[in-house]
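J.: For the sequence shown, the working numbering assigns the number 5 to the initial residue and increments by one for each residue that follows. Just so it is clear, CB atoms sit at the ideal spot from N, CA and C, and this is done for glycine as well. Because the structure is a prediction, the values reported are computed rather than measured. The structure that follows is given in the form of structure tokens.
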Amino acid sequence: MNPVLSLIIPVYKTELYLAECLNSILKQDIRGVEIILVDDGSPDECPKICDRYAAEHSFIQVIHKENGGLSSARNSGLLVAKGKYVWFIDSDDYLLPTALSNVKKTLINNRNAEVFSSGLMRYYMDSQSCVPEKIPYGKLYGKRGEYLWDKCPQGATPRFICRRDFLLKNNLYFRVGLLHEDGEWGFRTLYLAQSIKILDEPIYVYRVRTSDSIMSSITIKSASDLVEGHKLLISFMETHVLKEDRKKYLLSIWTMLKMINIFCYPLFYTKEFNDFLTSNYSYIRHQALRLIKSDPLRIKSYFYLLHPYSQMKLLRIIGKCK
5 MNPVLSLIIP VYKTELYLAE CLNSILKQDI RGVEIILVDD GSPDECPKIC
55 DRYAAEHSFI QVIHKENGGL SSARNSGLLV AKGKYVWFID SDDYLLPTAL
105 SNVKKTLINN RNAEVFSSGL MRYYMDSQSC VPEKIPYGKL YGKRGEYLWD
155 KCPQGATPRF ICRRDFLLKN NLYFRVGLLH EDGEWGFRTL YLAQSIKILD
205 EPIYVYRVRT SDSIMSSITI KSASDLVEGH KLLISFMETH VLKEDRKKYL
255 LSIWTMLKMI NIFCYPLFYT KEFNDFLTSN YSYIRHQALR LIKSDPLRIK
305 SYFYLLHPYS QMKLLRIIGK CK
């Protein structure tokens, strides 16, 4: 009998956290659950840790592969998963004690839902504080795009549990080599889902690291891939998004371009960022104008008509006035 739920856990350079992640799962009711550990060519002790846990538990399997990045690892796990539902878990995070029982109960009570979402508990390692996310817990969205239009969280793939056949049918794989792949994958997935159920309470602890995570290593590739992700979502719109939904959809995916200022703020005034602007600013400006044309009251979009260096000056003036 196939499992109900497949937990797909990419593993790369997380030897300090991997055991905590796995133990947080194994302490729960794991009946009907399979665990797929995808060793993405990790150069540390992670491969040995994966093999040790697999040797001790028959429902754990390990895939050892050459390093291909997070998207490649998730895709590899999805291709071998047998569960009706799949849950992508990051190996440096962990589950709350009643997570699996809550998930399985919700799956049974919402058989028609294609995607399940949950609020995250964000664990900030610097302050050792855990902060729950604000989200409309328990809500059910029964129409395409409703979850996005209600401005519910899209990022952080581990917040979502998806029907495997829904992902495979719609070719919802992760883009290999793309940073911020969660956003690009999330917008496609959340638009196509006809029914999305938000769990009643948080189930997942998202570890916010400050020094050795992907998110802490901001480079020009972050900016370039946010633009690339937006372009991919525009292409997706042309083939999959209903015409009556496109105004709302464009507003939703605008987040990908807004994040450039947030992620790349430390890189302003560098030659690398100037080169990035030379190649991409006309596209960003065009997309801002597109939003304003569809909704002239989108005042915030006017901000992005400014050259980023002008934005910097304006932000400094606003900061001094506070």
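Given 8 Å as the limit, is there contact between the stretch 128-144 and the stretch 203-214, that is, 3 or more CB pairs closer than that?
T.: Counting Cβ pairs under 8 Å, three or more are found: they touch.
J.: Quick one, which of Ala-227, Asp-97, Phe-170 has its alpha-carbon nearest Leu-182's?
T.: When each option's Cα is compared against that of Leu-182, the closest is Ala-227.
J.: If you draw a straight line from the C-alpha of Lys-353 to the C-alpha of Glu-248, how long is it?
T.: Limits of the chain in this structure are 5 at one end and 326 at the other, which puts residue 353 out of reach.
J.: Residues in its own chain within less than 6 Å of Val-231 by CB, not counting five upstream and five downstream?
T.: For Val-231, where only same-chain residues beyond five positions count, the Cβ hits under 6 Å are Asn-284.
J.: Let me confirm a value: Lys-251 is counted as buried when at least 16 other C-beta atoms fall within 10 Å, else exposed. Which label applies?
T.: Answer is exposed; the Cβ neighbour count stays below 16.
J.: Measure the CB-CB distance between Ser-256 and Phe-170 and report whether it falls below 8 Å.
T.: Going by C-beta atoms, Ser-256 is not nearer than 8 Å to Phe-170.
J.: Tell me which residues share the same chain as Ile-165 and place their Cβ nearer than 6 Å to its Cβ, disregarding the 5 neighbours each side in the sequence.
T.: Excluding sequence neighbours, Ile-165 sits near Tyr-89, Trp-91, Phe-120.
J.: Please tell me whether Ser-95 and Leu-22 are closer than 8 Å, where the distance is taken between their beta carbons.
T.: For Ser-95 and Leu-22, yes; Cβs fall inside 8 Å.
J.: Ignoring anything shorter than 4 residues, give me the alpha helix (DSSP H) runs that lie fully in the stretch 248-301, in order along the chain.
T.: The stretch 248-301 contains these whole alpha helix (DSSP H) runs: 250-257, 259-267, 275-298.
J.: Residue range of the beta strand (DSSP E) that Asp-10 falls in?
T.: First, the residue type needs correcting, since residue 10 is Ser and not Asp in the sequence shown. Segment 9-15, the beta strand (DSSP E) holding Ser-10.
J.: For Ala-117, tell me which candidate among Thr-193, Lys-17, Leu-281, Tyr-210 has the shortest Cα-Cα distance.
T.: Minimum Cα distance to Ala-117 is reached at Thr-193.
J.: Nearest to Val-66 by alpha carbon, out of Ala-58, Ile-93, Gly-72?
T.: If we check each option's Cα against that of Val-66, Ala-58 comes out closest.
J.: What residue range does the alpha helix (DSSP H) around Arg-192 cover?
T.: 185-196 is the extent of the alpha helix (DSSP H) around Arg-192.
J.: Using 8 Å as the Cβ pair cut-off and three pairs as the minimum, do the stretch 231-245 and the stretch 151-162 touch?
T.: With a cut-off of 8 Å, the stretch 151-162 and the stretch 231-245 do not count as touching, because too few Cβ pairs lie within range.
J.: Starting from the Cα of Val-84, find the closest Cα among Leu-11, Pro-47, Ile-53 and give me that residue.
T.: Ranking the options by Cα distance to Val-84, first place goes to Leu-11.
J.: Which residues mark the beginning and the end of the beta strand (DSSP E) in which Tyr-341 is found?
T.: Past the boundaries of the shown model lies residue 341; the chain is included only from 5 to 326, so the question cannot be answered.
J.: Would you call the CB atoms of Val-37 and Leu-9 closer than 8 Å?
T.: Yes; because the gap between Cβ atoms is below 8 Å, this pair is in contact.
J.: Name the one or two DSSP bridge partners that Pro-136 has.
T.: DSSP lists Met-125 as partners of Pro-136.
J.: Measure the Cβ-Cβ separation of Gly-149 and Gly-187 and say whether it is below 8 Å.
T.: Not a contact, by the Cβ cut-off of 8 Å.
J.: Just reading off the beta strand (DSSP E) that Glu-205 is part of, what are its end residues?
T.: No beta strand (DSSP E) holds Glu-205; DSSP gives it neither H nor E.
J.: Could you compute how far the alpha carbon of Gly-45 sits from the alpha carbon of Leu-172?
T.: Distance between the alpha carbons of Gly-45 and Leu-172 is about 25 Å.
J.: Can you have a look at Tyr-273 and say buried or exposed, based on whether 16 or more other CB atoms are within 10 angstroms of its CB?
T.: Exposed, by the Cβ-count rule.
J.: If you reduce the DSSP assignment to three classes, tell me which class Ile-53 lands in.
T.: Note: Ile-53 maps to helix in three-state DSSP.
J.: Using CA coordinates, which residue listed in Arg-289, Leu-41, Asn-106 is at the minimum distance from Arg-78?
T.: Residue Leu-41 is the option with its Cα nearest to Arg-78.
J.: Mapping the DSSP letters down to three states, classify Tyr-177 as helix, strand or coil.
T.: In this structure, Tyr-177 counts as coil in the three-state DSSP scheme.
J.: Is Arg-168 helix, strand or coil by DSSP?
T.: Helix, per DSSP.
J.: Tell me where the alpha helix (DSSP H) around Val-37 begins and ends.
T.: Not the alpha helix (DSSP H): Val-37 falls in the beta strand (DSSP E), residues 37-43.
J.: How should Pro-270 be labelled, buried or exposed, when 16 other C-beta atoms within 10 angstroms of its C-beta is the threshold for buried?
T.: Exposed: under 16 other Cβ atoms inside 10 Å.
J.: Evaluate the contact criterion for the stretch 101-116 versus the stretch 124-136: three or more CB pairs, one atom per stretch, below 8 Å.
T.: Segments in contact, no.
J.: Around the Cβ of Gln-32, are there at least 16 other Cβ atoms within 10 angstroms (buried) or fewer (exposed)?
T.: Flag for Gln-32 reads buried.
J.: Assuming Tyr-208 and Ser-122 are in contact, meaning their beta carbons sit under 8 Å apart, how far apart are those beta carbons, in whole angstroms?
T.: Rounded, the Cβ-Cβ distance is 6 Å, consistent with contact.
J.: With DSSP as the reference, label His-234 as helix, strand or coil.
T.: His-234 falls in the helix class under three-state DSSP.
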